[in-house]
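Notes to accompany the following structure.
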Amino acid sequence: MLAASHLWQPFQEFVFMRRALLGGLVLACSTAPLGVFLILRRMSLIGDAVAHGILPGAALGFWFAGLSLPALTVGGLGAGLSMAGLAAWITRRTGLREDASLAAIYPISLAAGVLILGMAGKRLDLLHLLFGSALAVDGPTLTGMLWVSGASLLAMALIYRPLLLDTLDPLFLQTVSRLGPLAHGVFLTLVVLNLVIGFQAIGALMVVGLMMLPAAASRFWSRRLPLLMLIAALSGCLSVWLGLLLSFYYSLPSGPSIVLVAGALYLLSVVFGPVHGLLRRPPLLTSQ
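When the letters of the sequence shown are read in order and numbered with the numbering used here, they come out as residues 474 to 761.
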């Protein structure tokens, strides 16, 4: 039987577990508002596309510098921003929807990243880049996650109002201010930056789950935007904590464990959430 002490004992005994927990908690807090706005702006799948898009840059950084946080960050950030910029350019030039442009580009990016790692003869480390490991959160990585999370929260506070107006009524914002494109650009940069710093611990593919699942779950608990972001952050933090415990006690990969816990919380929200949850919906009227 699982004792109450088992819920915090690994974090007391092992430094790598404390680092993984702290890094995951600050990452969950910074990705939560980004995920909520991605859903509100109907850009939910862009996070997944950008996560694939950062792989070539991260692979090049890994090829030349190994598991170096600056090299992986610079490479992944450059590739992610280049992919988002290319998709926006194609959309402006051809009229193709931005999500369609991203959907066409990200398989190319994923294949390029896998090919680069294969050419480097380091295929085994591809699993680390895709799915992450709690052991990867060393001192420099944790410091980088703290800086990125703090900067993301500060930037989101600064662009909150123009980003909200651009999300709900972009035509009105265009008439009163020119901050809409700037807020959108800063927002996409924050998404890419959080995905880049997150793949060190959770993996490039798994960090999208931490960004989107708590945000999606929060929609079933409130209609107020500040409360949505708070609920998403708390759900993400709970997912990190329980996921790391699951990974520790059952020798499972940390990234997938965290995302599976987040998925379980999302399914519980779908069923029990007071806002459009399955058990809270009014019964359908039937004709007699």
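Cβ atoms here follow ideal geometry from the backbone N, Cα and C, with glycine treated the same way.
Check: Give every residue of the same chain whose Cβ lies closer than 7 Å to the Cβ of M592, excluding the five residues on either side of it in the sequence, and list them in chain order.; Outcome: none
Check: Determine contact between the stretch 654-671 and the stretch 552-570, defined as no fewer than three beta-carbon pairs at a distance below 8 Å.; Outcome: yes
Check: Hey, S650 and P635 are a contact pair by Cβ (cut 8 Å); roughly how many whole angstroms apart?; Outcome: 6 Å
Check: Round the Cβ separation of V547 and G534 to the nearest angstrom and send it over; I've been treating them as touching at under 8 Å.; Outcome: 6 Å
Check: Quick check: what's the CA-CA separation for D639 versus L661?; Outcome: 13 Å
Check: Taking the alpha-carbon positions, what's the G530 to S478 distance?; Outcome: 42 Å
Check: Taking C-beta to C-beta, are R492 and L683 nearer than 8 Å?; Outcome: no
Check: How many Å lie between L545 and I581 at the Cα?; Outcome: 19 Å
Check: Should G520 be counted as a contact of the ligand FAD given a C-beta to heavy atom distance under 7 Å?; Outcome: Among the components modelled here there is no ligand, and therefore nothing to report on the ligand FAD.
Check: Excluding the 5 residues preceding and the 5 following L511 in the sequence, name in chain order all residues of the same chain whose CB lies nearer than 8 Å to its CB.; Outcome: S517, I519, G520, V664, M684, M685, A688
Check: Pick helix, strand or coil for I675, following the three-state DSSP scheme.; Outcome: coil
Check: Considering just the uninterrupted stretch of the alpha helix (DSSP H) at P613, what are its terminal residues?; Outcome: 612-641
Check: Tell me which same chain residues have a C-beta within less than 7 Å of the C-beta of W694, skipping the five on either side of it?; Outcome: I704, S742, G746, P747, V748
Check: Do S691 and S708 have their CB atoms nearer than 8 Å?; Outcome: yes
Check: In terms of alpha-carbon separation, which member of Y739, Y579, A656 lies closest to A522?; Outcome: Y579
Check: Give me the Cβ distance between L719 and L725, rounded to the nearest whole Å; I'm assuming they're in contact under 8 Å.; Outcome: 6 Å
Check: In terms of alpha-carbon separation, which member of M629, M702, G676 lies closest to S730?; Outcome: G676
Check: I need the DSSP call for G682, collapsed to helix, strand or coil.; Outcome: helix
Check: Using the Cα positions of A538 and G617, report the straight-line distance between them to the nearest angstrom.; Outcome: 17 Å
Check: Do V499 and S622 have their CB atoms nearer than 8 Å?; Outcome: yes
Check: Can you have a look at H525 and say buried or exposed, based on whether 16 or more other CB atoms are within 10 angstroms of its CB?; Outcome: buried
Check: From A585, G496, W481, pick the residue whose C-alpha is nearest to that of G549; which is it?; Outcome: A585
Check: For G653, I'd like the list of residues in its chain whose CB is within less than 8 Å of its CB, leaving aside the five on either flank, ordered along the chain.; Outcome: P635, L638, D639, P643, L646, Q647
Check: Should G508 be labelled buried (16 or more other beta-carbon atoms within 10 Å of its own) or exposed?; Outcome: buried
Check: Kindly indicate which three-state DSSP category M516 falls into: helix, strand or coil?; Outcome: coil
Check: With respect to the alpha helix (DSSP H) encompassing V743, which residues constitute its N-terminal and C-terminal limits?; Outcome: 727-745
Check: Might you give, ordered along the chain, the residues of its own chain that have their beta carbon closer than 8 Å to the beta carbon of L752, omitting 5 neighbours on each side?; Outcome: V744, F745
Check: From which residue to which residue does the alpha helix (DSSP H) around W714 run?; Outcome: 698-723
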